[in-house]
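In my numbering, the protein residues as written are 1280 to 1434. Where is the CB? At the ideal position from N, CA and C, for every residue including glycine. First up is the structure itself, then whatever we jot down about it.
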Amino acid sequence: MNKNFLLLVLAAVICLQSCLKDEQQVTDAPSIPLDSFLIGEWQVTAVLLEYESLANVPDSNLIVDMLKDTTYKTNHTIRYYPNDTYEIQFEGSEDVLSGVWNLIGDTTLVRIEDNAFYEYRIQRNSNMIHQQSIEDLDGDGVKDDYFKSSYTKIN
């Protein structure tokens, strides 16, 4: 009787352990390929400009939060489509900015618009993406400034 009971308890523990391991694998690692993950509508949650050496002045730093600064009209949604196109709709505007997108590996997003080319290092988690690019935002001729943005998936 004790052997049967111990075998039953052991089988239950193994079964429970197996179920817990399967749940951890689903939540720990993104299983959806990045190109499929991007498809849909995203709401911007952060846009930061980080100037490392403003106008080539050593040790000068400036961080601009474009969503909090009311001089910028940056609140927007972006929709990625399966045909490698995208559209950006800015809040309060009927104009739609459109372009094409592509991925290079699992870490680089490229967006191309009329007369503009953007390349972002991209990271993701459950329902967010974080993008970063190095630009010459202050116009000093040196690509040493960071454009960082984050988005939450809404559809």
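- [ ] Scan the region 1337-1418 and note each continuous beta strand (DSSP E) run of 3 residues or more that stays entirely inside, going in chain order.
- [x] Unbroken beta strand (DSSP E) runs of no fewer than 3 residues, entirely contained in the region 1337-1418, are found at 1341-1344, 1355-1359, 1364-1369, 1375-1383, 1387-1392, 1395-1403 and 1407-1414, following chain order.
TODO: Closer than 7 Å by C-beta to SER1428: which residues in its own chain qualify, once you throw out the five before and the five after it? Chain order, please.
DONE: Indexing the sequence shown from 1 puts residue 1428 at position 149. Within the same chain, Cβ atoms closer than 7 Å to the Cβ of SER1428 are found at VAL1323, ALA1325, VAL1326 and GLN1410, the five residues on either side in sequence being excluded.
Task: Beta-carbon proximity check, GLU1329 vs TYR1425, cutoff 8 Å - done: Counted from its first residue, the sequence shown places residue 1329 at position 50. Counted from its first residue, the sequence shown places residue 1425 at position 146. Cβ distance < 8 Å, so GLU1329 and TYR1425 count as in contact.
Open item on the list: Residues in the same chain with beta-carbon distance under 8 Å from TYR1365, minus the five sequence neighbours each way, listed in chain order, please.
Closed with: Against the sequence shown, residue 1365 aligns to sequence position 86. ILE1357, ARG1358, TYR1359, SER1377, GLY1378, VAL1379, TRP1380 and ARG1390, listed in sequence order.
Task: Exposure of ILE1342, with buried meaning 16 or more beta-carbon neighbours within 10 Å - done: Taking the first residue of the sequence shown as 1, we reach residue 1342 at position 63. ILE1342 counts as exposed, since fewer than 16 other C-beta atoms from the protein chains shown sit within 10 angstroms of its C-beta.
Task: Candidates GLY1418, HIS1355 and ARG1403, of which the one nearest GLU1320 by Cα - done: The sequence position of residue 1320 within the sequence shown is 41, counting from 1. The residue with the shortest Cα to Cα distance from GLU1320 is HIS1355.
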